[in-house]
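A short write-up of the structure that comes next.
2 protein chains.
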Amino acid sequence: MNAPALTKNQALVFEVLERADGPLSAYTILDKLRDHGFRAPLQVYRALEKLLEYGVVHRLESINAFVACAHPEQNCHSHGIVAFAICESCGHVLEFHDHEVDHRLMNWTRGKKFKAEKTTIEIRGLCEACAA
Amino acid sequence: MNAPALTKNQALVFEVLERADGPLSAYTILDKLRDHGFRAPLQVYRALEKLLEYGVVHRLESINAFVACAHPEQNCHSHGIVAFAICESCGHVLEFHDHEVDHRLMNWTRGKKFKAEKTTIEIRGLCEACAA
DNA sequence: ATCGCACACGTTATAGCATAACGCAATTGA
DNA sequence: TCAATTGCGTTATGCTATAACGTGTGCGAT
Ligand SMILES: [Zn+2]
Ligand SMILES: [Zn+2]
Ligand SMILES: [Zn+2]
Ligand SMILES: [Zn+2]
Chain W
1 MNAPALTKNQ ALVFEVLERA DGPLSAYTIL DKLRDHGFRA PLQVYRALEK LLEYGVVHRL
61 ESINAFVACA HPEQNCHSHG IVAFAICESC GHVLEFHDHE VDHRLMNWTR GKKFKAEKTT
121 IEIRGLCEAC AA
Chain F
1 MNAPALTKNQ ALVFEVLERA DGPLSAYTIL DKLRDHGFRA PLQVYRALEK LLEYGVVHRL
61 ESINAFVACA HPEQNCHSHG IVAFAICESC GHVLEFHDHE VDHRLMNWTR GKKFKAEKTT
121 IEIRGLCEAC AA
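Here the protein sequences come in this chain order: W and F. The opening position of the first sequence corresponds to residue 1 in full-length UniProt numbering, with each subsequent residue numbered one higher. The opening position of the second sequence corresponds to residue 1 in full-length UniProt numbering, with each subsequent residue numbered one higher.
Take a look at the structure:
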């Protein structure tokens, strides 16, 4: 999915996520946008829905939060499964791809005739700085 | 973590999950146990906390649900990362392990000096029966 | 032009998931 | 016996997400 021009609300939500140095919950985003007229969760969720669809934002299932894609130049929907390493101390997220992992999971699903739609890989732990 | 004898509440919750043919939310478990004296979510969550610790139950982060371990003979904590394929139509879950995937992810984290504590791999899609 | 449609938006209400904080009872080990 | 630990029950609260309704705007087809 290519990203068309963002609407006002979508752009506001995206900017908040881009400027954040870690994942944000929908309600945190809402709070940060109250000065811009946001009043209800749905305004955030509806924008997030589109941003996820366009592939410019990712949802972290294990922490119910959202993060701007770390590979703005590429199209994250085009290069396989996206994996995340999430620091439970400082909240920083590393986004990466591993084609061999994709391959193995694809092989497994093919073997089981399972039709994969969306795959989540999230590693929680401590980043280098926080593990010291 | 080896599983000591389960307490009454833990055993009740575990039996519900074992008998279910798919993952259950904490509140669904609660409803199924009202006849056994359960009245509040915390009774379920506290039991789940222990069952997760013992490795006999898994949490599916992407659907906020819990499932009994599919490998009762083994100790799921001992053989690496557990992965799940979750059918979005019928709700059935396939649990599996892939050492090569573990390896690749471990290599990546080692390279980044990221200390992994808990890794989630969840594939959502359609099982063979539902994809037909 | 105006009708119909798609889409974004705003609002209120509600549903679904999870934990805080208190107190009590049973167990255990010093 | 005393303190610490663990499980349990209850009430209240907080966090996450969606349903349902209505409004307005742009845009192509008739
Ligand atoms: Zn990305
Ligand atoms: Zn960190
Ligand atoms: Zn298991
Ligand atoms: Zn199915």
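We put the CB at the ideal spot given by N, CA and C, even for glycine. The structure displayed is predicted, hence computed values, not measured ones.
One thing to note: residue 118 of chain F has its Cβ no nearer than 8 Å to the Cβ of residue 110 of chain W.
With respect to residue 45 of chain W, residue 26 of chain W sits close: the two C-beta atoms are nearer than 8 Å.
Within 9 Å of the CB of residue 49 of chain W, no CB atom of chain F is found; the nearest one sits about 16 Å away. Bounds of the alpha helix (DSSP H) holding residue 130 of chain F are 128–131. Contact annotation: residue 60 of chain F and residue 122 of chain F have beta-carbon atoms nearer than 8 Å. Taken atom to atom, the span from the alpha-carbon of residue 33 of chain F to that of residue 18 of chain F is near 14 Å. Proximity to residue 41 of chain W across W:31, W:62 and W:84 peaks at W:31, based on C-alpha coordinates. In the structure shown, residue 34 of chain W adopts helical secondary structure according to DSSP, grouped into three states. The bridge partners DSSP lists for residue 118 of chain F are W:124. When DSSP states are grouped into helix, strand and coil, residue 103 of chain F belongs to the helix group. Residue 39 of chain W places its beta carbon 8 Å or farther from that of residue 100 of chain F.
Residue 14 of chain W is not bridged by DSSP to any residue. A direct Cα-to-Cα measurement between residue 131 of chain F and residue 87 of chain F gives close to 9 Å. Looking only at W:92, W:80 and W:96, the smallest Cα-Cα distance to residue 106 of chain W is reached by W:80. From the beta-carbon of residue 101 of chain W, the residues of chain F found nearer than 8 Å are 101, 104 and 105. Using beta-carbon distances, residue 70 of chain W does not count as an interface residue toward chain F, since no partner is under 8 Å. Per DSSP, reduced to three states, the secondary structure at residue 24 of chain F is strand. For residue 29 of chain W, the secondary structure class from DSSP, reduced to helix, strand or coil, is helix. Cβ contact annotation for residue 64 of chain W (same chain, cutoff 7 Å, sequence separation greater than five): 25, in chain order.
Contacts between residue 94 of chain F and chain W, judged by CB atoms closer than 8 Å, involve 112 and 114 in chain order. Residue 44 of chain F sits in a helix when the DSSP states are folded into three classes.
Look at residue 95 of chain F here: in three-state DSSP terms it is strand. The set of residues with any CB-heavy atom separation to ligand 4 below 5 Å comprises, in chain order, F:87, F:89, F:90, F:127 and F:130. For residue 60 of chain W, the three-state secondary structure derived from DSSP is strand. Residue 58 of chain F has its alpha-carbon roughly 6 Å from the corresponding atom of residue 52 of chain F. Here residue 93 of chain F really is in contact with residue 22 of chain F; their C-beta atoms are around 6 Å apart, less than 8 Å.
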